[in-house]
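Here is the structure we will look at.
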Amino acid sequence: MSMHLQLSPSILTADFGRLADEIASVEQFVDQYHLDVMDGHYVDNLTFGFSTVEAIRRTTTRPLHVHLMISNPHDHAVGFVRAGADRVSFHPEVTPDPAAVIDAIHDAGAGAGLAVHPDVTLDAVRTHLDALDVILMMTVRPGWGGQSFMTEVLPKIERAAALVRDAGARADIEVDGGIKPDNVEAAVRAGGRILVAGSAIFDGKDAPAAAKRMRGLLDELRSS
Ligand code: DX5
Ligand code: ZN
7 MSMHLQLSPS
17 ILTADFGRLA
27 DEIASVEQFV
37 DQYHLDVMDG
47 HYVDNLTFGF
57 STVEAIRRTT
67 TRPLHVHLMI
77 SNPHDHAVGF
87 VRAGADRVSF
97 HPEVTPDPAA
107 VIDAIHDAGA
117 GAGLAVHPDV
127 TLDAVRTHLD
137 ALDVILMMTV
147 RPGWGGQSFM
157 TEVLPKIERA
167 AALVRDAGAR
177 ADIEVDGGIK
187 PDNVEAAVRA
197 GGRILVAGSA
207 IFDGKDAPAA
217 AKRMRGLLDE
227 LRSS
């Protein structure tokens with residue numbers, strides 16, 4: 007496997023009182039950052055909005071991927087591009103016209119992705135495949151950090167990777183939820199090329215050490 011495997015820490019379990027330091031502490035080991043926006047409606051939890059993304063944008067030059075777990079992505083996706091997101095992904099089952107949201111994200115100058123809830127099929131991915139920059143395969147139920155990786159999603163990741171390959175499409179397969187040192191290989195073997203890791207990195211102990219370890223594992227897998 008020769009393609010670079012990207013590490014994308016989710017800041018969900020970072021210490022928000024010292025977020026800039028937390029982000030900087032892992033920067034040398036990571037490719038991009040994963041920012042989980044939750045609205046208390048699509049999911050029970052609430053996180054943050056535009057102003058936090060803008061603030062993060064000022065602290066790092068790495069790309070920012072905003073993962074919208076909100077029920078009205080059409081209303082807010084462009085706002086997150088303006089706040090500094092390089093990519094915005096949303097859950098298509100909540101919006102009547104996913105193509106319009108994808109187009110709006112592209113027109114605003116960012117990459118667009120569909121996030122695939124563990125209970126949702128690949129139908130929307132198949133329909134919009136040519137327009138996608140990223141397919142965000144969820145391996146936990148959206149809402150919280152620190153949940154266990156759902157191995158039952160692995161075959162669906164394989165199917166998503168096959169769709170991309172067979173169509174010659176450009177979308178990156180990103181795997182999100184419960185990624186830890188002991189399951190990252192399975193996510194990569196299934197076709198994951200961008201690996202999100204939240205609580206595996208921001209564990210309240212030693213984030214740089216955890217990020218360095220995960221970076222090393224991905225580099226080993228790449229050359230294996
Ligand atoms: C879950 C979020 C994930 C989460 C990942 O709703 O979309 O991105 O932050 O965190 P861990 O790696 O702890 O599952
Ligand atoms: Zn996420």
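Last residue of the sequence shown: 230 in this note's numbering, with the numbers rising by one and none dropped.
The beta carbon of each residue, even a glycine, is placed where N, CA and C say it ideally should be.
Computed from a prediction, not measured in an experiment: that's the story for all the values here.
Using CA coordinates, which residue listed in 127, 12, 185, 229 is at the minimum distance from residue 155?
Locating residue 155 in the sequence shown gives position 149, where the first residue counts as 1. When each option's Cα is compared against that of residue 155, the closest is 185.
With DSSP as the reference, label residue 182 as helix, strand or coil.
Taking the sequence shown and counting its residues from 1, the one referred to as residue 182 is at position 176. The answer is strand: DSSP assigns residue 182 an E or B state.
In three-state DSSP terms, what is residue 12?
One-based indexing of the sequence shown puts residue 12 at position 6. Strand, per DSSP.
Using 7 Å as the cut-off, classify the Cβ of residue 13 as near or not near the heavy atoms of the ligand DX5, replying yes or no.
Here residue 13 refers to the residue found at position 7 of the sequence shown. No, Cβ of residue 13 sits at least 7 Å from all heavy atoms of the ligand DX5.
Near residue 53, which residues of its chain fall below 8 Å by C-beta distance, leaving aside the five closest residues on each side in sequence?
Taking the first residue of the sequence shown as 1, we reach residue 53 at position 47. 18, 42, 43, 44, listed in sequence order.
Give me, in chain order, the residues of the same chain whose beta-carbon lies closer than 8 Å to that of residue 3; leave out the 5 immediate sequence neighbours on both sides.
As displayed, the chain neither begins before 7 nor continues past 230, which places residue 3 out of reach and without an answer.
Report the residue ranges of all beta strand (DSSP E) runs contained in full by the region 22-57; include only those spanning at least 3 residues, in chain order.
Taking only runs of at least 3 residues, the beta strand (DSSP E) segments lying wholly in the region 22-57 are 39-44.
Using the Cα positions of residue 104 and residue 135, report the straight-line distance between them to the nearest angstrom.
By 1-based counting over the sequence shown, the position of residue 104 is 98. By 1-based counting over the sequence shown, the position of residue 135 is 129. So the alpha carbons of these two residues sit roughly 12 Å apart.
Any idea what DSSP makes of residue 110, helix, strand or coil?
Taking the sequence shown and counting its residues from 1, the one referred to as residue 110 is at position 104. It is helical.
Can you list, in chain order, the residues of its chain whose CB lies under 8 Å from that of residue 149, leaving out five sequence neighbours each side?
Working through the sequence shown from its first residue, we reach residue 149 at position 143. Result list for residue 149: 44, 49, 50, 51, 75, in chain order.
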